[in-house]
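Visitor: Below are the structure tokens for one structure; questions will follow.
Residue numbers (my numbering), protein chains in the order written: chain A, 1 to 380; chain B, 381 to 531.
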């Protein structure tokens, strides 16, 4: 069996035809057999999401593709949108078929306006092959939080991109309060491959809880930055070797809301839902990089991108940035003060309303975990 | 810019449901450069929602302009990878070439300089957007050259 890949060529429209021949329930069974989990970061089992949405009560249902790729260090969807957009649209069409939905929305980040003409062309082509499905193209407005699925849905509805309370989840109440399948670009691109090449092939690589090939966006202090496809579960050591990372100090895995992996201790850890987050963003920082500047850059990002709706995230990010600035100036801090900020980190993780706030303190907490001595002068 | 379409013409092409708001805001922003308070009131009438609701939505999105900006809005990526790739030097070159500081518009209203967050070009940083166009692997000279081509 050859190594599965989602970057190989497929004949346009074949997977959609096959899905119709198989029937909706068989499509869901095949996805469940592939053990595909959402490629946007959260990793919810795709087959199960589709099953819940199909079974949800309601005459009107929708499909939404999240192309609001805004995570720090992520650009893998850019490659898919530019080179494999038809697979994404076909995946969306198959989802629409499974739901009996007529409308499928692509929410594209503002920054990708430059690809509008190409996307519209691919959209028209797929509409010709899947005439039952009407595709819509919606643009974002430069808000990172709209990558959060319920904020994205609010944005399509013409509102501020503020995340909703959950439950209810989009599977029962999503776009226009109707059951909605919302998946990431990469997830939709996996669908035609799984249907045409078989679930067994897709699931032939990976770890017990993370199957299939995965795209990674790799940048920073490496000789060969770019988009790479590896099987789930690849070790950090192999990833760094492939991109020719030099003199690595630590790796930021999973973007602004991810965690750091220090080069000395973590090279044999792997990228999977069981270990280091496999969302796709990998930023490598060499030994010459200043730890605190990197952390300030991440906290500054969150202060700007927090939607401001809930207190732990809005206030927490702001206070944390100020504390990092204090560290940057080399001011002494007491053990008590540092512990209070680590506690604030936990509070933000447990009490913020959405994934943005829940993950905003991850880098702070994980950096201090590894590098406290290098970063802070403790005054007793 | 008298040749740009009037609100009545733009609004007549959209339905009156709320989900038309973002496409309307985008169209006005993209054709006229920004969305004025007068525009917001007219949009509110068309969609039968309050003007403050339109204002609240428009101002939520950092790339929708709610005040006049330069003909070319330049957004330099300041996120981690582009920062590491040398965005500071590019920022200095852009300020020199545009004749204004970041956060400001040049006296001739040609350029507005702003920072943006991750634009998805981390492998080819430093990167910037000029309106919708992307420029990557910038050097100070390249940045100056790009601005000199924009009339």
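Here a beta-carbon is modelled for each residue, glycine too, at the ideal position from N, C-alpha and C. If you're wondering where the values come from, they're calculated on a predicted model, not measured in any experiment.
Who are residue 515 of chain B's beta bridge partners in DSSP?
Guide: Beta-bridge pairing links residue 515 of chain B to B:508.
Visitor: Within 7 Å (strictly less), CB to CB, does residue 420 of chain B reach chain A?
Guide: Chain A contact via Cβ: absent.
Visitor: Check the Cβ of residue 512 of chain B against every Cβ in chain A and list those closer than 7 Å, keeping chain order.
Guide: Neighbours of residue 512 of chain B on chain A, chain order: 113 and 114.
Visitor: Rank A:121, A:148, A:84 and A:338 by C-alpha distance to the C-alpha of residue 307 of chain A and give the top, closest one.
Guide: Nearest of A:121, A:148, A:84 and A:338 to residue 307 of chain A, Cα basis: A:148.
Visitor: What do you get for residue 381 of chain B, buried or exposed, if any count of 16 or more other CB atoms within 10 angstroms of its CB means buried?
Guide: The predicted position of residue 381 of chain B is uncertain, since its pLDDT is 45 and thus under 50; a value taken from the coordinates is nonetheless stated next. Per the 10 Å Cβ criterion, exposed.
Visitor: Can you find a C-beta in chain B that's less than 7 Å from the C-beta of residue 39 of chain A?
Guide: False, the Cβ-Cβ gap to chain B never drops below 7 Å.
Visitor: Is the region 32-50 of chain A in contact with the region 198-205 of chain A, if contact means three or more CB pairs nearer than 8 Å?
Guide: With the cut-off at 8 Å, the region 32-50 of chain A and the region 198-205 of chain A touch.
Visitor: Leaving out five residues before and five after residue 368 of chain A in sequence, what residues of the same chain have Cβ atoms less than 7 Å from its Cβ?
Guide: Excluding residues within five positions, the ones whose Cβ falls inside 7 Å are 342 and 375.
Visitor: For residue 443 of chain B, would you say it is in contact with chain A, using Cβ-to-Cβ distances shorter than 7 Å as the test?
Guide: Yes, its Cβ sits closer than 7 Å to a Cβ of chain A.
Visitor: Assuming contact is defined by CB atoms lying nearer than 7 Å, are residue 66 of chain A and residue 184 of chain A in contact in what I supplied?
Guide: In this structure, residue 184 of chain A lies closer than 7 Å to residue 66 of chain A by Cβ.
Visitor: Using a C-beta cutoff of 7 Å, does residue 143 of chain A count as contacting chain B?
Guide: Yes, residue 143 of chain A counts as interfacial toward chain B.
Visitor: Using a Cβ-Cβ cutoff of 8 Å, what residues of the region 488-510 of chain B are near chain A? List them in chain order.
Guide: From the region 488-510 of chain B, only 496, 497, 498, 499, 500, 501, 502, 503, 504, 505 and 509 have a Cβ closer than 8 Å to chain A.
Visitor: Rounded to the nearest angstrom, what separates residue 249 of chain A and residue 280 of chain A at their Cα positions?
Guide: Computed Cα separation, rounded: 19 Å.
Visitor: Looking at residue 53 of chain A and residue 181 of chain A, is the spacing between their C-beta atoms short of 7 Å?
Guide: Going by C-beta atoms, residue 181 of chain A is nearer than 7 Å to residue 53 of chain A.
Visitor: Is the shortest distance between the beta-carbon of residue 371 of chain A and the beta-carbons of chain B less than 7 Å?
Guide: Output row for residue 371 of chain A: interface = no.
Visitor: I want to verify the contact list: residues of chain B whose CB lies under 7 Å from the CB of residue 159 of chain A, in sequence order.
Guide: By Cβ distance, chain B contributes 437.
Visitor: Examine chain B for any beta-carbon lying closer than 7 Å to the beta-carbon of residue 226 of chain A, and answer yes or no.
Guide: It does: the Cβ of residue 226 of chain A has a partner Cβ on chain B nearer than 7 Å.
Visitor: Do residue 76 of chain A and residue 252 of chain A have their C-beta atoms within less than 7 Å of each other?
Guide: It is not a contact, given that the beta carbons lie outside the stated cut-off.
Visitor: Using the rule of at least 16 other Cβ atoms within 10 Å of the residue's Cβ for burial, across every protein chain shown, is residue 528 of chain B buried or exposed?
Guide: With fewer than 16 Cβ atoms within 10 Å of its Cβ, residue 528 of chain B is classed as exposed.
Visitor: Would you decide whether residue 131 of chain A is buried or exposed? Buried here means 16 or more other CB atoms lie within 10 Å of its CB.
Guide: By the neighbour-count rule (16 or more Cβ atoms within 10 Å), residue 131 of chain A is not buried but exposed.
Visitor: With 16 other CB atoms within 10 Å as the buried threshold, where does residue 335 of chain A fall?
Guide: Answer is exposed; the Cβ neighbour count stays below 16.
Visitor: Thinking just about the alpha-carbon of each residue, which of B:406, B:404, B:431 and B:484 is nearest to the one in residue 417 of chain B?
Guide: Looking at the Cα atoms, B:431 is the closest of the given residues.
Visitor: Taking C-alpha atoms, which residue in B:445, B:454 and B:397 lies nearest to residue 405 of chain B?
Guide: Ranking B:445, B:454 and B:397 by Cα distance to residue 405 of chain B puts B:445 first.
Visitor: Check for me: the alpha helix (DSSP H) holding residue 59 of chain A runs from which residue to which?
Guide: First-last for residue 59 of chain A: undefined, no H or E at that position.
Visitor: Please list, in chain order, the chain A residues whose beta carbon lies closer than 7 Å to that of residue 406 of chain B.
Guide: Here the neighbours are 139.
Visitor: Please list, in chain order, the chain B residues whose beta carbon lies closer than 7 Å to that of residue 220 of chain A.
Guide: Those are 461 and 464, listed as they occur along chain B.
Visitor: Check whether the Cβ of residue 399 of chain B lies closer than 7 Å to any Cβ atom in chain A.
Guide: With 7 Å as the cut-off, residue 399 of chain B counts as an interface residue toward chain A.
Visitor: Report the neighbours of residue 440 of chain B on chain A: residues whose CB is nearer than 7 Å to its CB, in chain order.
Guide: Result: 143, 160 and 161.
Visitor: Below 8 Å, can you find three or more Cβ-Cβ pairs linking the region 265-272 of chain A to the region 223-238 of chain A?
Guide: Yes: at least three Cβ pairs fall under 8 Å.
Visitor: What do you reckon, are the CB atoms on residue 189 of chain A and residue 28 of chain A nearer than 7 Å?
Guide: No, they are not a contact pair.
Visitor: Between the C-alpha atoms of residue 56 of chain A and residue 88 of chain A, what's the straight-line distance to the nearest angstrom?
Guide: C-alpha separation (whole angstroms): 24 Å.
Visitor: Please list the terminal residues of the continuous beta strand (DSSP E) segment that includes residue 495 of chain B.
Guide: Unbroken beta strand (DSSP E) run through residue 495 of chain B: 491-496.
Visitor: Leaving out five residues before and five after residue 450 of chain B in sequence, what residues of the same chain have Cβ atoms less than 7 Å from its Cβ?
Guide: Cβ within range, chain order: 485, 486, 489, 490, 491 and 492.
Visitor: Does residue 431 of chain A come within less than 7 Å of chain B when only Cβ atoms are used?
Guide: Past the boundaries of the shown model lies residue 431 of chain A; chain A is included only from 1 to 380, so the question cannot be answered.
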